[in-house]
Amino acid sequence: QFDEMVYMDKLTMVSEMAASFAHEIRNPITTVRGFVQLLQKDAGNSQLEQFAPLILEELDRANKIITDYLKLAKPADFRLQPIDLSEVLRDCVDLLRPLGAFANVSIEWENIEKCYVWGDEQYLKQSFLNIIKNAIEAIDNGSGSVFITTQSLMQQKTVKVVIEDNGKGMTEEELKKIGLPYYTTKSKGTGLGSMISNRLIREMGGTVHYMSHPGKGTRVEITLPLMK
Ligand code: ADP
Ligand code: MG
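Count along the sequence shown from 1, then add 188; that gives the number in full-length UniProt numbering.
Now the structure itself:
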């Protein structure tokens with residue numbers, strides 16, 4: 189029997205997925221563009237050997253997202269396993285360094301401890317890429333820094349990841365809107381990155397908390413349950 193409510197819910201879900209799907213593809217493509225631009229600058233192409241595996245990895249990732257989407261049946265196709273958070277963060281930073289370099293943003297890496305969380309590697313990566321990318325994009329006045337640290341809170345059995353930038357920051361009003369679908373202040377933004385990050389981290393049992401001051405910068409705290 190045809191159930192209109194269920195049908196409409198599915199329709200909404202599919203269109204939302206189509207939008208986030210397009211968005212998810214953007215990050216890997218941005219990364220590839222960054223590396224290619226770097227290679228262009230380097231006349232001898234001596235960095236090609238170093239970056240080629242990363243380029244391939246990113247293309248594979250874009251491909252995986254398309255494949256997963258076309259399967260569609262299970263939108264939340266989590267594969268939870270013990271993941272070393274420091275490795276995920278390192279990968280994200282490596283991938284975003286070219287983007288940072290072009291924006292004159294240094295990505296500072298402090299005190300990242302090896303620690304294991306129950307997570308889906310792809311989704312964790314996607315979440316952090318979105319948040320770190322926003323931090324880089326918040327620096328629009330020439331140059332700045334993004335700081336990344338982790339802090340294990342053994343008592344609470346959680347780990348806190350802090351991603352801080354000294355970019356343009358947000359007002360109270362703007363802070364309330366972050367994570368709402370399609371909320372963006374960027375001319376080429378989709379307003380989906382934060383929503384996706386928040387949702388994925390919540391599905392892994394974590395939380396995302398934003399603190400911000402206009403003109404000073406933004407601090408994002410992501411808390412995830414430790415494996416032990
Ligand atoms: P998009 O990046 O496509 O605009 P997001 O959902 O990732 O979409 O972010 C939504 C909005 O939240 C951004 O357009 C920006 O205004 C704001 N925002 C997110 N992160 C930061 C940050 N670190 N500093 C300042 N503003 C931010
Ligand atoms: Mg974004």
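Each residue gets a CB set at the ideal place from its N, CA and C atoms; glycine is no exception.
All values derive from a computational prediction rather than experimental measurement.
By Cβ distance, which residues of its chain are closer than 6 Å to residue i, with the 5 residues on each side in sequence left out?
i	result
W379	One detail in the question is off: residue 379 reads as Gly in this sequence, not Trp. Y370, Y371 and T372.
S274	I300 and K302
residue 177	For residue 177 there is no data in the structure shown, the boundaries of the chain being 189 and 416.
S294	S333
L412	V305, V347 and G394
G288	I295 and I324
G357	S400, H401, P402, G403, K404, G405 and T406
P241	none
Whole-angstrom Cβ separation of residue i and residue j, contact assumed at under 8 Å?
i	j	result
K374	E325	7 Å
I366	I351	Going by Cβ atoms, the distance from I366 to I351 rounds to 13 Å, so no, they are not a contact pair.
I243	V276	At roughly 19 Å, the Cβ-Cβ gap does not stay under 8 Å, so I243 and V276 are not in contact.
I327	D353	6 Å
G377	P286	20 Å between Cβ atoms; not a contact.
L247	Q235	Going by Cβ atoms, the distance from L247 to Q235 rounds to 17 Å, so no, they are not a contact pair.
S315	L414	At roughly 17 Å, the Cβ-Cβ gap does not stay under 8 Å, so S315 and L414 are not in contact.
C280	I217	With 8 Å as the limit, C280 and I217 do not qualify as a contact, their Cβ atoms being about 16 Å apart.
So what's residue i in DSSP terms, helix, strand or just coil?
i	result
Q269	strand
L412	strand
L380	coil
S375	coil
I327	coil
residue 159	Within the shown structure, residues of the chain are numbered from 189 to 416, placing residue 159 beyond reach of any answer.
Y398	strand
Y311	helix
K348	strand
I217	helix
E301	coil
G357	coil
I295	strand
T406	strand
G393	coil
G367	coil
Beta-carbon within less than 8 Å of residue i's beta-carbon, same chain only, minus the 5 sequence neighbours each way: which residues are those?
i	result
N318	N215, G381, S382, I384 and S385
If I measure Cβ to Cβ from residue i and keep anything under 7 Å in the same chain, skipping five residues before and after, which residues do I get?
i	result
A250	I213, P216 and I217
Inset, instruction - Determine, using beta-carbon pairs with one atom in the stretch 387-404 and one in the stretch 327-340, whether at least three such pairs fall under 8 Å. - result: no
Inset, instruction - Indicate whether the contact test is met: 3 or more Cβ pairs, each with one atom in the stretch 353-364 and one in the stretch 393-400, closer than 8 Å. - result: With the cut-off at 8 Å, the stretch 353-364 and the stretch 393-400 touch.
Legend entry - Residues whose Cβ lies closer than 5 Å to any heavy atom of the ligand MG, in chain order: N322 and G381
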